[in-house]
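Below: one structure, written as structure tokens.
Numbering (this note's numbering), first residue to last: 2 to 107.
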């Protein structure tokens, strides 16, 4: 999928994955790829700045943990993040319905 098609939807995509529960960065990227059927391959140079931005906005929180002897930063959705995600999902449904009305099969 072209990167410009994801522009404006990146935060919602990351938050949607975290809506399933806490994950570390690699697991977030892996879930995005899996849930999109491989269409969304999020490079770390895009994912980690987005996670930092979402944390500064108060939509996610994080903490360091040691997993299998490796330090990993685990991220989870905050209440504010869940509210933001709900609004983004509603906006997406409205947007996709409008586009489907134009591009869909007559």
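The beta-carbon is built from N, C-alpha and C at its ideal position, and this holds for glycine as well.
Check the DSSP bridge columns for residue i and list the partner residues they point to.
| i | result |
| --- | --- |
| residue 63 | 76 |
| residue 10 | DSSP lists no partner for residue 10. |
| residue 24 | 76 |
| residue 36 | Looking at the DSSP assignment, residue 36 forms no beta bridge with any residue, so it has no partner. |
| residue 68 | 71 |
Output needed for residue i: all residues of its chain with C-beta closer than 7 Å, excluding positions within five of it in sequence on either side, in chain order.
| i | result |
| --- | --- |
| residue 43 | 30 and 33 |
| residue 59 | 79 and 81 |
| residue 107 | none |
Closest to residue i by C-alpha separation, out of the options, would be which residue?
| i | options | result |
| --- | --- | --- |
| residue 37 | 75, 83, 80 and 15 | 15 |
| residue 75 | 103, 10 and 52 | 52 |
| residue 65 | 45, 90, 77 and 9 | 77 |
| residue 9 | 20, 73, 70 and 92 | 92 |
| residue 20 | 100, 89 and 95 | 89 |
Should residue i be labelled buried (16 or more other beta-carbon atoms within 10 Å of its own) or exposed?
| i | result |
| --- | --- |
| residue 27 | exposed |
| residue 61 | buried |
| residue 85 | buried |
| residue 12 | buried |
| residue 55 | buried |
Give every residue of the same chain whose Cβ lies closer than 8 Å to the Cβ of residue i, excluding the five residues on either side of it in the sequence, and list them in chain order.
| i | result |
| --- | --- |
| residue 18 | 24, 29, 32, 33 and 36 |
| residue 45 | 26 and 30 |
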